[in-house]
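So the sequence lines, in the order shown, correspond to chains A and B. Counting from 1, position 138 in the first sequence corresponds to residue 138 in the working numbering; the numbering is continuous, with no gaps. In the working numbering, each residue carries its 1-based index in the second sequence increased by 193. Ideal Cβ placement from N, Cα and C applies to all residues, glycine included.
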Amino acid sequence: MRVLVIFAHPVETSFAAALHTTVLESLGTRHDVRDVDLYAEDFDPRLTRAERLVYHDTDVNQAPVARYVELLRWAEAVVFCFPVWCFGLPAILKGFFDRVMMPGVAFDIDGALVTPKLQNIRRVVAVTTYGRDLWRVKIGVGDLPKRQITRYFRWFCAKDAKVTYLAHYHMNVSTPDSRSAYQQRVARVIRAL
Amino acid sequence: MRVHVIYAHPRSDSFNSALHDIVLAALRNAGHEVDDLDLYAENFQPALTADERGAYHTVGGNLAGIESYVARLRAAQALVISAPTWWYGMPAILKGYFDRVWVPGVAFHLQRHGGAIIPGLTNIRKYAVVTTTGSPWWFMRLYMRDPGKRVLMRGMRRLFAPDVAMHYLCHYGTDVSTLQHRQRFIARVKATFAAF
């Protein structure tokens, strides 16, 4: 399968970086893999004025992010690997959605009618960690990043696209055991792709 | 009252820019002291850096490079967020402001064993969000359950004074809205901030 990995964490020694390595190792050589490390690429998450001006002009809006557009159109599977900060995606990944998932790429828009465009993507996996515990995230604030991936991103993909959302909640009190169990779960799911 | 306004939109001819101007004018008219932070105009860098992440949990040591933003936040008695909702959440530049500036020891204090957080911004006694969504209200509320609203309202509430007054003003369905619809919303924004 053609797999696009999108990774967002600035520190090489972080648990998120370790999970990213687990993802790449578990994909192995059986797949055609493209790895986008947003921090290493120094991705600028800010949708600019110039981009916003031509946002709906599908002839030219893709130019500043053409490489990412090409990768999204190429992929059959997408694996997101990121931590949850302040109840949301890290700004650098949020900016990837703001800037790349635009009209003509992720969807076509005609008045109120919006049609999804990334039918090539049939499989989506998220690998993430939360500082807080599950019930505080879910009941308290509604788990925004989970909805953004499992409901919204998925909506742009193939109709029968399968989404797996893997999360280690409550990192603030995690143990070596809980982290290693989670890492093994990630490896299992990725190996089964 | 000292009101800190945090604004994020790249276009000065946008509906959000107009709403931002209306908020500022209404607050000043009502006699408030306004401290306006325009993240795009400041060229704010939203990506939390490796050094910042390394120092994130070191209270006091995590303030390098963000001192002025923290000082402005601590000097405020009220806070207003003026920004569009993109992808069901705040624009990346605003998300990055929270990632980088609302750190432990500023916005909240963590307890050692993972209990409830202790609020860090009890100086904030009034709080408002002025935002827009492209999607209609029924889609945002019934299907998506307004996750952006929950973060900005419920997630934030516990960081402020216990009796904080909260307002969420959202113009839904902006993709297909009419002038009349937008004018009604503007009137609502004006009224809210005239009485803030």
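Open item on the list: Please report the straight-line C-alpha distance between residue 315 of chain B and residue 352 of chain B, rounded to a whole angstrom.
Closed with: Working through the second sequence from its first residue, we reach residue 315 of chain B at position 122. Working through the second sequence from its first residue, we reach residue 352 of chain B at position 159. So the alpha carbons of these two residues sit roughly 7 angstroms apart.
Task: Per-residue DSSP class, three states only, for residue 12 of chain A - done: One-based indexing of the first sequence puts residue 12 of chain A at position 12. Under the three-state reduction of DSSP, residue 12 of chain A is assigned to coil, being neither helix nor strand.
Open item on the list: Here's a check: name, in chain order, each residue in its chain whose Cβ is nearer than 8 angstroms to the Cβ of residue 172 of chain A, leaving out the five neighbours to either side.
Closed with: One-based indexing of the first sequence puts residue 172 of chain A at position 172. By the criterion of a C-beta distance shorter than 8 angstroms, residue 172 of chain A is surrounded in its chain by 131 and 132, once the five residues flanking it on both sides are discounted.
Open item on the list: Excluding the 5 residues flanking residue 270 of chain B on each side, which residues of the same chain have their C-beta closer than 8 angstroms to its C-beta?
Closed with: Here the question's residue 270 of chain B lines up with position 77 in the second sequence. Contacts found: 194, 195, 196, 316, 317, 318 and 319.
- [ ] Verify the CB distance criterion: does residue 277 of chain B have a CB-CB separation below 7 angstroms to chain A?
- [x] As a position in the second sequence, residue 277 of chain B is number 84, starting the count at 1. No, its Cβ sits nowhere closer than 7 angstroms to a Cβ of chain A.
Open item on the list: Taking the alpha helix (DSSP H) that residue 213 of chain B belongs to, which residues open and close that run?
Closed with: The count along the second sequence starts at 1 and reaches residue 213 of chain B at position 20. Looking at the DSSP string, the run of the alpha helix (DSSP H) that includes residue 213 of chain B is 208 to 222.
Task: Test: residue 350 of chain B CB closer than 7 angstroms to a CB of chain A - done: On the second sequence, residue 350 of chain B is found 157 positions in, with the first residue counted as 1. No, residue 350 of chain B lies away from the interface with chain A (no Cβ there is under 7 angstroms from its Cβ).
Task: N- and C-terminal bounds of the beta strand (DSSP E) containing residue 231 of chain B - done: Here residue 231 of chain B corresponds to residue number 38 of the second sequence, with the count starting at 1. 226 to 231 is the span of the beta strand (DSSP E), which, as asked, contains residue 231 of chain B.
Task: N-terminal and C-terminal residue of the alpha helix (DSSP H) that residue 191 of chain A is part of - done: Locating residue 191 of chain A in the first sequence gives position 191, where the first residue counts as 1. 176 to 191 is the extent of the alpha helix (DSSP H) around residue 191 of chain A.
- [ ] Measure the alpha-carbon distance for residue 257 of chain B versus residue 242 of chain B and round it to whole angstroms.
- [x] Mapped onto the second sequence, residue 257 of chain B falls at position 64. Mapped onto the second sequence, residue 242 of chain B falls at position 49. Looking at the two C-alpha atoms, the distance is approximately 11 angstroms.
Task: Coarse secondary structure for residue 392 of chain B, derived from DSSP in three states - done: Chain B is shown from 194 up to 389; residue 392 of chain B falls before or after that span and cannot be answered.
TODO: Check the DSSP bridge columns for residue 383 of chain B and list the partner residues they point to.
DONE: To locate residue 383 of chain B, count along the second sequence from 1; it is residue 190. Paired residue(s): none; residue 383 of chain B is not in a bridge.
Task: Any 3 or more C-beta pairs closer than 8 angstroms across the segment 333 to 352 of chain B and the segment 372 to 389 of chain B - done: The segment 333 to 352 of chain B, when compared against the segment 372 to 389 of chain B, does not touch it at the 8 angstroms Cβ threshold.
Task: is_contact[residue 87 of chain A, chain B] using C-beta, thresh 7 angstroms - done: What you label residue 87 of chain A is simply residue 87 of the first sequence in a count that begins at 1. It does; some Cβ of chain B falls within 7 angstroms.
TODO: Compare the C-beta of residue 13 of chain A against all C-beta atoms of chain B and say whether one is closer than 7 angstroms.
DONE: Counting from one through the first sequence, the residue named residue 13 of chain A turns up at place 13. No, residue 13 of chain A does not count as interfacial toward chain B.
- [ ] Could you round the C-beta distance between residue 323 of chain B and residue 273 of chain B to whole angstroms and report it? I think they count as a contact, below 8 angstroms.
- [x] The count along the second sequence starts at 1 and reaches residue 323 of chain B at position 130. The count along the second sequence starts at 1 and reaches residue 273 of chain B at position 80. Correct: roughly 7 angstroms between the Cβ atoms.
TODO: Using DSSP bridges, identify the partner residues of residue 279 of chain B.
DONE: Position 86 of the second sequence, counted from the start, is the residue given in the question as residue 279 of chain B. BP columns for residue 279 of chain B point to B/282.
TODO: For residue 333 of chain B, collect the residues of the same chain with a Cβ closer than 7 angstroms to its Cβ; drop the 5 residues on either side in sequence, then sort them by chain order.
DONE: Residue numbering aside, residue 333 of chain B sits at position 140 when the second sequence is read from its first letter. So the qualifying residues of the chain are 326, 339 and 365.
Task: Close Cβ partners of residue 159 of chain A (< 8 angstroms) along its chain, the five nearest in sequence each way excluded - done: Here residue 159 of chain A corresponds to residue number 159 of the first sequence, with the count starting at 1. Within its own chain, the residues whose Cβ lies closer than 8 angstroms to the Cβ of residue 159 of chain A, once the five positions on either side in sequence are excluded, are 119, listed in chain order.
Open item on the list: Taking 7 angstroms as the threshold (C-beta atoms), are residue 341 of chain B and residue 278 of chain B in contact?
Closed with: In the second sequence, counting from the first residue as 1, residue 278 of chain B sits at position 85. In the second sequence, counting from the first residue as 1, residue 341 of chain B sits at position 148. Residue 341 of chain B sits close to residue 278 of chain B, with the two beta carbons spaced by under 7 angstroms.
Open item on the list: When you compare the CB positions of residue 1 of chain A and residue 76 of chain A, do they come within less than 7 angstroms of one another, or not?
Closed with: As a position in the first sequence, residue 1 of chain A is number 1, starting the count at 1. As a position in the first sequence, residue 76 of chain A is number 76, starting the count at 1. In this structure, residue 1 of chain A lies near residue 76 of chain A, with their beta-carbon atoms less than 7 angstroms apart.
Task: Cβ separation of residue 61 of chain A and residue 102 of chain A, assumed to be a contact under 8 angstroms, to the nearest whole Å - done: Taking the first sequence and counting its residues from 1, the one referred to as residue 61 of chain A is at position 61. Taking the first sequence and counting its residues from 1, the one referred to as residue 102 of chain A is at position 102. About 6 angstroms separates the CB atoms of residue 61 of chain A and residue 102 of chain A; that is less than 8 angstroms, so the two are in contact.
TODO: Determine the extent of the beta strand (DSSP E) in which residue 37 of chain A is found, giving its start and end residues.
DONE: Counting from one through the first sequence, the residue named residue 37 of chain A turns up at place 37. 32 to 37 is the span of the beta strand (DSSP E), which, as asked, contains residue 37 of chain A.
- [ ] Report the three-state DSSP secondary structure of residue 341 of chain B (helix, strand or coil).
- [x] The residue labelled residue 341 of chain B in the question sits at position 148 within the second sequence. Of the three classes helix, strand and coil, the one that applies to residue 341 of chain B here is helix, per DSSP.
TODO: Output the boundary residues of the alpha helix (DSSP H) element that contains residue 262 of chain B.
DONE: For the purposes of this step, residue 262 of chain B is taken as the residue at position 69 of the second sequence. First-last of the alpha helix (DSSP H) with residue 262 of chain B: 260 to 268.
Open item on the list: For residue 165 of chain A, list the residues DSSP reports as bridge partners.
Closed with: The residue labelled residue 165 of chain A in the question sits at position 165 within the first sequence. Answer is A/126.
- [ ] Mind listing, in chain order, the continuous beta strand (DSSP E) runs of no fewer than 3 residues lying wholly within the segment 35 to 104 of chain A?
- [x] Qualifying beta strand (DSSP E) stretches, in chain order: 77 to 83.
- [ ] Compare the C-beta of residue 259 of chain B against all C-beta atoms of chain A and say whether one is closer than 7 angstroms.
- [x] The residue given as residue 259 of chain B occupies position 66 in the second sequence. The beta carbon of residue 259 of chain B sits no closer than 7 angstroms to any beta carbon of chain A.
TODO: Alpha carbon to alpha carbon, how far is residue 254 of chain B from residue 303 of chain B? Give it in angstroms, no decimals.
DONE: Translated into the one-based positions of the second sequence, residue 303 of chain B becomes position 110. Translated into the one-based positions of the second sequence, residue 254 of chain B becomes position 61. Residue 303 of chain B and residue 254 of chain B: Cα-Cα distance of roughly 15 angstroms.
Task: Same chain, Cβ closer than 6 angstroms to residue 91 of chain A, five either side skipped, listed in chain order - done: Reading the first sequence from its first residue, position 91 is the one you call residue 91 of chain A. The beta carbon of residue 91 of chain A sits closer than 6 angstroms to the beta carbons of 45 from its chain, once the five residues preceding and following it are set aside; these are given in chain order.
TODO: Please look up how many angstroms separate the CB atoms of residue 94 of chain A and residue 285 of chain B, rounded, as I've assumed it's under 8 angstroms.
DONE: Taking the first sequence and counting its residues from 1, the one referred to as residue 94 of chain A is at position 94. Taking the second sequence and counting its residues from 1, the one referred to as residue 285 of chain B is at position 92. Contact holds; Cβ gap of about 4 angstroms.
- [ ] Give the residues from the segment 332 to 348 of chain B that approach chain A closer than 7 angstroms (Cβ to any Cβ), ordered along the chain.
- [x] Cβ proximity to chain A below 7 angstroms picks out 337, 338, 340, 341, 343, 344, 347 and 348 from the segment 332 to 348 of chain B.
TODO: Check the Cβ-Cβ distances between residue 195 of chain A and every residue of chain B, and say whether any is below 7 angstroms.
DONE: Given that chain A is displayed from residue 1 to residue 193, the structure contains no residue 195 of chain A and the question cannot be resolved.
Open item on the list: Please return the same chain residues whose Cβ sits closer than 8 angstroms to the Cβ of residue 56 of chain A, not counting the five positions on each side in sequence.
Closed with: The count along the first sequence starts at 1 and reaches residue 56 of chain A at position 56. Within the same chain, residue 56 of chain A has close Cβ partners 103 and 109.
Open item on the list: Within a Cβ cutoff of 7 angstroms, which residues of the same chain sit near residue 210 of chain B, ignoring the five residues on either side of it in sequence?
Closed with: Within the second sequence, the letter at position 17 stands for residue 210 of chain B. Correct list, in chain order: 202 and 204.
Open item on the list: Tell me which residues share the same chain as residue 148 of chain A and place their Cβ nearer than 6 angstroms to its Cβ, disregarding the 5 neighbours each side in the sequence.
Closed with: Against the first sequence, residue 148 of chain A aligns to sequence position 148. The answer is none, since no qualifying residue turns up.
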